[in-house]
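K.L.:
My questions will all concern the structure given below.
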Amino acid sequence: MTLNQALTRRVVRRLCRPLPVAAIVTAVGAVQIRRIINSDREAKQWEITCYSSVPLRILSRGWGWICNKELPVKYRESVYLKYAQMFNVNIQEAASEDLSSYTSLCDFFCRPLKEGIRPIDSKENVVSPADGAVLNVSKVTSPRVEQVKGVTYSLETFLGEHSQDKNEESTNTEVCEKDRNSSCIQSLLKNKENALYQCVIYLAPGDYHRFHSPVDWEVKLRRHIQGELLSVSPKIARLIPDLFSLNERAVYIGEWKHGFFSFTAVGATNVGSIRVYVDEVLTTNERKWKFGSKCREVFLSDSEGKPLKVRKGDPFGEFRLGSTIILIFEAPKDFKFHIAPGDKIHVGQAISCNHI
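The opening position of the sequence shown corresponds to residue 1 in the UniProt record's numbering, with each subsequent residue numbered one higher.
Structural data, given as structure tokens:
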């Protein structure tokens, strides 16, 4: 055996040494995923830990890489038709029905729709930001918020810790203060006579993957919280508490006519990335940050240094595969939702019903 062969063998052994451990961890995690999915009870902490041990971030980055690869023209129609059949994609709504015009799977996922096919309700102030299924709509009355019936997540953990803007004396309407004398909810409210509400919308793989602004508002900051990339399907959301505060997410915080408003795009398994049009520096689905906080905050402004103004119905961003949008906002106590859990809704459809 030559010296080069010996060195090569030694390097291969060192590289392969962690593989059996990784394979065992992945296998155990995969078993727990199946157990969780097949169970009707809330998952236990050790089961969630096993599920989280599966290298979903690596798998999701790999899937994102595959989806961004250009497909040969001769295969495009057959691949996209198969996908459309599997996930009930309505190709007739797409701006281009010529499937060969989509260069990659990601290009197909994020396809724009025909002009006017999603009219924006002009009477109501709050409209759906996305096509999808309603997982929950409710008034937020506790720091533990219901993600689906009977299963909750932490509001404060979900929104992330606050870093005060050096140009502001106080931003307690934008984040949860750790004040013993006031609850997390009260610290978010600009008007203490108002209440806090949430709306959770799940985008399935076959849905329109772009999302829009649900209201007229000013976007002041973005908080990128790096976490897990667990599935956010309704089945998993019913079984894993704190799912939304475990996963990677981009939280956009600002104000609308009634006070506090937040728009959160939640990452998930096999979501290649989250893209937000007003925030070009956002990069999701990266390697885990090795140093410092797992939360990165950026204050957003226009060319004059003022908060970004976004109009109701404006294109806001896109998922590179389905995921979840969560709205948490302040409104008067007589605010009423026009939708209910289980409803299928579309971009621009009214989700409020009393013109507030």
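All residues carry an ideal CB built from backbone N, CA and C; glycine is no exception. Bear in mind that the values here come from a model prediction, so they are computed numbers and not experimental data.
For the beta strand (DSSP E) that THR324 lies in, which residues bound it at each end?
P.N.:
Per DSSP, THR324 belongs to the beta strand (DSSP E) from 324-331.
K.L.:
Report yes if the C-beta distance between PHE299 and LYS220 is below 8 angstroms; otherwise report no.
P.N.:
Yes, these two residues count as a Cβ contact at 8 angstroms.
K.L.:
Please check the pair SER60 and THR269, which I expect to be a contact at CB under 8 angstroms, by giving their CB distance rounded to whole angstroms.
P.N.:
Rounded, the Cβ-Cβ distance is 6 angstroms, consistent with contact.
K.L.:
Between which two residues does the alpha helix (DSSP H) containing ARG275 stretch?
P.N.:
Not the alpha helix (DSSP H): ARG275 falls in the beta strand (DSSP E), residues 274-276.
K.L.:
List the residues that DSSP assigns as beta-bridge partners of LYS309.
P.N.:
Its beta-bridge partners are GLU218.
K.L.:
Check whether the Cβ atoms of CYS110 and HIS212 sit closer than 8 angstroms, and answer yes or no.
P.N.:
No, they are not a contact pair.
K.L.:
Tell me the rounded alpha-carbon separation between GLY206 and PHE319.
P.N.:
C-alpha separation (whole angstroms): 12 angstroms.
K.L.:
Counting C-beta neighbours from all protein chains within 10 Å, is the total for ARG249 16 or more, i.e. buried, or is it exposed?
P.N.:
The residue in question, ARG249, is buried, as its Cβ has 16 or more Cβ neighbours within 10 Å.
K.L.:
Is the stretch 241-260 in contact with the stretch 326-337, if contact means three or more CB pairs nearer than 8 angstroms?
P.N.:
At 8 angstroms Cβ cutoff, the stretches touch.
K.L.:
Which one or two residues does DSSP pair with THR152 in a beta bridge?
P.N.:
According to DSSP, THR152 bridges with GLU146.
K.L.:
Does the Cβ of LEU188 have 16 or more other Cβ atoms within 10 Å, making it buried, or fewer, making it exposed?
P.N.:
With 16 or more other Cβ atoms within 10 Å, it is buried.
K.L.:
Buried or exposed for GLN92, going by 16 or more other Cβ atoms inside 10 Å?
P.N.:
Result: exposed.
K.L.:
Rounding to the nearest angstrom, what Cα-Cα distance links SER253 and TRP63 in this structure?
P.N.:
A small fix is needed here, since residue 253 is Ile in this sequence, not Ser. Cα to Cα, the separation comes out at about 30 angstroms.
K.L.:
What's the gap between the Cα of ASN56 and the Cα of ASN354?
P.N.:
The residue you asked about is not Asn; residue 56 is Leu in the sequence shown. The alpha-carbon atoms of LEU56 and ASN354 are separated by roughly 42 angstroms.
K.L.:
What first and last residue would you give for the alpha helix (DSSP H) that runs through GLU77?
P.N.:
73-87 is the span of the alpha helix (DSSP H), which, as asked, contains GLU77.
K.L.:
Would you list the one or two residues that DSSP bridges to PRO315?
P.N.:
DSSP output for PRO315 lists HIS212 as bridge partner(s).
K.L.:
Exposed or buried, which one is ASP98 when buried takes at least 16 other CB atoms within 10 Å?
P.N.:
Under this definition ASP98 is an exposed residue.
K.L.:
Thinking just about the alpha-carbon of each residue, which of THR152, VAL137 and SER138 is nearest to the one in ARG144?
P.N.:
Checked all of THR152, VAL137 and SER138; the closest Cα to ARG144 is THR152.
K.L.:
Give every residue of the same chain whose Cβ lies closer than 6 angstroms to the Cβ of GLY227, excluding the five residues on either side of it in the sequence, and list them in chain order.
P.N.:
Excluding sequence neighbours, GLY227 sits near LEU246, ASN247 and GLU248.
K.L.:
Closest to HIS338 by C-alpha separation, out of SER101, ILE356 and ARG296, would be which residue?
P.N.:
Out of SER101, ILE356 and ARG296, ILE356 has the C-alpha closest to the C-alpha of HIS338.
K.L.:
How would you write the range of the beta strand (DSSP E) that SER60 sits in, first residue to last?
P.N.:
Note, SER60: premise wrong, no beta strand (DSSP E); alpha helix (DSSP H) at 56-68.
K.L.:
Kindly identify the DSSP beta-bridge partner or partners of THR264.
P.N.:
THR264 is bridged to VAL251 and ILE326.
K.L.:
Name the two residues that bound the continuous beta strand (DSSP E) containing LYS235.
P.N.:
LYS235 -> not in any beta strand (DSSP E); alpha helix (DSSP H) instead, spanning 234-237.
K.L.:
Taking VAL200 and ASN136 to be in contact with their CB atoms under 8 angstroms, please state how far apart those CB atoms are, rounded to whole angstroms.
P.N.:
Correct: roughly 4 angstroms between the Cβ atoms.
K.L.:
Report the CB separation of VAL251 from LEU196 in whole angstroms; it is logged as a contact under 8 angstroms.
P.N.:
Contact doesn't hold; Cβ gap of about 15 angstroms is too wide.
K.L.:
Measure the C-alpha to C-alpha separation of PRO241 and LYS74 and round it to an integer number of angstroms.
P.N.:
One C-alpha to the other measures close to 45 angstroms.
K.L.:
Throw me the rounded Cβ distance for the VAL215 and VAL148 pair, which I believe falls under 8 angstroms.
P.N.:
So it is not a contact: roughly 24 angstroms between Cβ atoms.
K.L.:
Buried or exposed for PHE158, please, with buried defined as at least 16 other CB atoms from any protein chain shown within 10 angstroms of its CB.
P.N.:
By the neighbour-count rule (16 or more Cβ atoms within 10 Å), PHE158 is buried.
K.L.:
Provide the residue span of the alpha helix (DSSP H) that contains ILE185, from first to last.
P.N.:
That run of the alpha helix (DSSP H) goes 184-188.
K.L.:
Quick one, which of LEU155, GLU286 and GLY116 has its alpha-carbon nearest ILE185's?
P.N.:
The shortest Cα separation from ILE185 among LEU155, GLU286 and GLY116 belongs to LEU155.
K.L.:
So is ILE66 buried or exposed if we call it buried at 16+ other beta carbons inside 10 Å?
P.N.:
Flag for ILE66 reads exposed.
K.L.:
Using 8 angstroms for Cβ pairs, my map puts ARG296 next to HIS224. What's the rounded Cβ distance?
P.N.:
Their Cβ separation, rounded to whole angstroms, is 5 angstroms, which keeps ARG296 and HIS224 in contact under 8 angstroms.
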